Amino acid sequence: MTENVAVLWDIENVTPKSSDSLLIQGMWDYAESLGRVVTSYAYADWSKPGFRSLGPTLSGLHFNMLHIPYQKTRKNKNGSDMQLVTDAMELLRYHEHITTFVLITGDSDFRSLLLSLRKSGKKIHIICDIKTAAQDLLILADSFADYRELMPDDDDSDDTESDDKESAKKDFPKEYWFERLAESAAILQKDKKSSNMGSAKINMKMLNRDFNEKKIGTRGYKRWSDFVSAAVRAGYVTLQDDDNQTLILPGKGYVQEVSSLQTALRTLVTTLEAQDGGKEPHFHSYSIISNELRDKGVVMKTLGFSQFKKFISSAEARGLVETKMENLRSYVKLQK
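If you count the sequence shown from 1, position 282 lands on 875 in the working numbering, and the numbers rise without skipping.
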């Protein structure tokens, strides 16, 4: 049975830096991959030049473009947020045939909306700017994706290495993912953030964009808790009860610097330093850095990434690099 999909885009929260129509098309194609898009809304102050340039493309895709004038005196939730929630609740109440909602936002103010959608049995997929998205929002979604990952481009040269991406993910050793879980817990601990079951899961997926516990090994793990329990039994992490919640902590034997991923990340850093030539960090194209890393023996699919840009996203989530996109070309530089 084909899913009926509604798309609601908070443009002020997720705004591609380029107005090229292919950027929007990438997100639209993602929504269509989930089912049949039956309605779509975009919310912004269309008088702003940066938003106005998106208009023709959105109109061509039959978006309902709702104009929400910006008001400096507005407090709490802005007008776009309130209108988006109103429209979503109307769709929920009067259009029961809609089974899937795609929200293009990372704003934590939509938590209540997501809770209502979940309570009604709707599927929720979020497209966001993963660098700024609220984790307490992402944890309520069935899936989330960084909008950059959905944009078609011609500089992701690692696609040729992973024709069978699903197979690569299924065959990856479970011990590798246990190690990534320990690293995720260690980073949360270092940043003095909660490492409860929900937060650790979201952080794990932000750091490792192709991670899916259901596709590990030959059978996978039916639930996130099953995966965590297996990692505990293997000694990679430990569990600790704290204030009515269970925290995931790195195991006593965890050593961050010895893994293949850490070696690849260090290689990325040294490669960017060499490209900078001892000067201030500046942006380099993905294609150049991808070729450099391949020449040094860094292969994405052996690290658990189906695409080079997902590896870079992982490095950015760790605070190592900064990225940008211009005219459908992706660039990366060292984080200052």
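A virtual CB, placed ideally from N, CA and C, is assigned to each residue, including glycine.
Bear in mind that the values here come from a model prediction, so they are computed numbers and not experimental data.
- Considering only P843, K641, E866, the residue with the shortest C-alpha distance to N789 is P843.
- Taking 7 Å as the cut-off, the Cβ atoms of V630 and T693 do not count as close.
- CA-to-CA, the gap between F644 and G890 works out to about 42 Å.
- For L733, same chain residues with a beta-carbon under 6 Å away, outside a window of 5 residues either side, are L707 in chain order.
- Counting only the Cα atoms, L710 lies some 31 Å from S640.
- Approximately 7 Å separates the beta-carbon atoms of V862 and L927; this is inside 8 Å, confirming the contact.
- Per DSSP, the beta-bridge partners of D834 are T839.
- Counting only unbroken stretches of 3 or more residues, the beta strand (DSSP E) elements lying wholly within the region 597-680 are 597-603, 629-637, 657-660, in sequence order.
- With respect to the 7 Å criterion, A908 and L858 are classified as neighbours on the basis of their beta carbons.
- Assigned with DSSP and collapsed to three states, Y924 falls in strand.
- Beta-bridge partners of E919 (DSSP): R922.
- Short of 6 Å from the beta carbon of A738, and not among the five residues preceding or following it, lie these beta carbons of its own chain, in chain order: I720.
- One thing to note: L731 has its Cβ no nearer than 7 Å to the Cβ of S701.
- Under the three-state reduction of DSSP output, S822 falls in the helix class.
- Within the DSSP bridge table, the entry for F737 names I719 as partners.
- Taking A910 as the centre and dropping the five residues before and after it, the same chain places the C-beta of M799, L800 closer than 6 Å to its C-beta, in chain order.
- Counting the other CB atoms within 10 Å of its CB gives Q833 a total below 16, which places it among the exposed residues.
- The continuous beta strand (DSSP E) containing I697 extends over residues 693-697.
- If you draw a 10 Å sphere on the C-beta of R686, you find fewer than 16 other C-beta atoms in it, and that means exposed.
- Annotation: the continuous alpha helix (DSSP H) that includes N796 extends over 790-800.
- If you draw a straight line from the Cα of S818 to the Cα of Y663, it is about 44 Å long.
- When E919, S923, G912, V925 are compared, the shortest CA-CA separation from T725 is found for G912.
- Annotation for L654: W621 place their beta carbon closer than 6 Å to its own, counting only its chain and skipping 5 residues before and after.
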